[in-house]
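Using mature numbering (1 follows the signal peptide of the UniProt record, and there is no 0), the letters of the sequence shown map in sequence onto residues -24 to -1, 1 to 240. Structure first, commentary second.
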Amino acid sequence: MERIKSLLVGAMLATTLSSATATAANTLNAGKFVVGMEISYPPFESYDNGQVVGFDPELTALLAGKMGLDYSFSDNKFTGLILGLNSNKFDAVISGMYIIPDRLKKADAIPYARTGASIMVVKGSDVSPKTKNDLCGVNVGLQQGTTWVKALDELSKSYCEPKGLAPIHIQEFPTAPEVTQALMSRNVQAQLEIAGAAQMFVERTKGRIQISSDDLVFPQTLGIYVKQDNAALKAQLETAMAGIKADGSYDNLLKKYDLSPVEN
């Protein structure tokens, strides 16, 4: 009888602990952490022989390890990631996505790195913008849904036009690689892309495109996005972030991908 009682108590305790862990994580499926991303954006995320590789997948692995969760990835268009998050397609978005006011109206964010954009042009082009102000009169290709669409539109109105310069002409494409293809085909004159991704595109095109800007353009903070009503998961991710900062794995990952840390 005592043995039966002991087994029952043990089973009840195990069930309670399991439930507490699932509640703390508050993921869509207990014990699993599903991350939404657009897996066509190296070095942040891309496929390599069927495997998802890059900064964001490696960050996900570190965070999931601290939280004691298995993890997987859900490949989606960049423009639909926040919508997918709020439609319960995945638990979080980690996809080289800037933290901006418009997105914070729809989801909460945890800062995880800082970076900025680089300007790319075709090698040998007679257009070679060094700064964002040099983009006046230039046909610029951008990925749909990026913050630079609004930023360049505002720059055109606040800087180019008042100075009597030609406005910035913006062309949007579904993915960053498609913008690069348009650039190499000379359908656009310049491309704006996150610095790490820009360097990767330069390498993958074997130097057919090059970075023309000297410094980062529109530096901003990247964020992990979670649903606004999921305070439990947000808190656990923040604790996990603190853990990977403390053990040095966060700094090592930033150095590997040439990104800057966020302030505590």
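All residues carry an ideal CB built from backbone N, CA and C; glycine is no exception.
Whole-angstrom distance between residue j and residue i, CA atom to CA atom
i: L230; j: I76; result: 21 Å
i: S104; j: A142; result: 16 Å
i: S225; j: S50; result: 24 Å
i: M217; j: L39; result: 7 Å
i: D129; j: V155; result: 18 Å
i: P19; j: D205; result: 31 Å
i: S134; j: L235; result: 30 Å
i: T91; j: E21; result: 16 Å
i: L57; j: G121; result: 10 Å
i: N2; j: K210; result: 9 Å
i: T193; j: G7; result: Sequence inspection shows Val at residue 193; the Thr mentioned does not correspond to that position. Computed Cα separation, rounded: 40 Å.
i: Y233; j: L4; result: 30 Å
i: A207; j: P150; result: 32 Å
Selection from the options that minimises the alpha carbon distance to residue i
i: H145; options: T151, A171 and N163; result: N163
i: L213; options: I200, D223 and A222; result: I200
i: P237; options: Q196, T3 and I187; result: Q196
i: R184; options: S101, C112 and S134; result: S101
i: A166; options: A173, Q186 and P150; result: Q186
i: L111; options: T123, M96 and Q119; result: M96
i: K65; options: V202, A37, V193 and G140; result: V202
i: A222; options: F31, A6 and K42; result: K42
i: I15; options: D46, D78, P138 and F54; result: F54
i: C136; options: K108, G117, A152 and A174; result: K108
i: S219; options: F31, P33 and G44; result: First, the residue type needs correcting, since residue 219 is Gly and not Ser in the sequence shown. For G219, the nearest C-alpha among the options comes from G44.
In DSSP terms, what residue i is bridged to
i: G12; result: S50 and V69
i: N5; result: K8
i: S104; result: DSSP output for S104 lists no bridge partner at all.
i: Q196; result: T91
i: S22; result: V29
i: Q119; result: F149
i: S225; result: Per DSSP, none; premise fails for S225.
i: M96; result: Q167 and I187
i: A85; result: Y201
i: residue 243; result: Limits of the chain in this structure are -24 at one end and 240 at the other, which puts residue 243 out of reach.
Near the ligand NAD: residue i beta-carbon under 8 Å from a heavy atom
i: I220; result: What this structure holds is no ligand at all, so the ligand NAD is not there to describe.
Cβ distance (whole Å) where residue i is taken to contact residue j below 8 Å
i: residue 246; j: N52; result: As displayed, the chain neither begins before -24 nor continues past 240, which places residue 246 out of reach and without an answer.
i: L198; j: M73; result: 6 Å
Interface flag, residue i vs chain B, CB-CB below 9 Å
i: L159; result: Absent from the structure is chain B; it holds one protein chain and no more.
Those runs of the alpha helix (DSSP H) which lie wholly inside the segment 135 to 195 and span at least 4 residues
152 to 160 and 171 to 180
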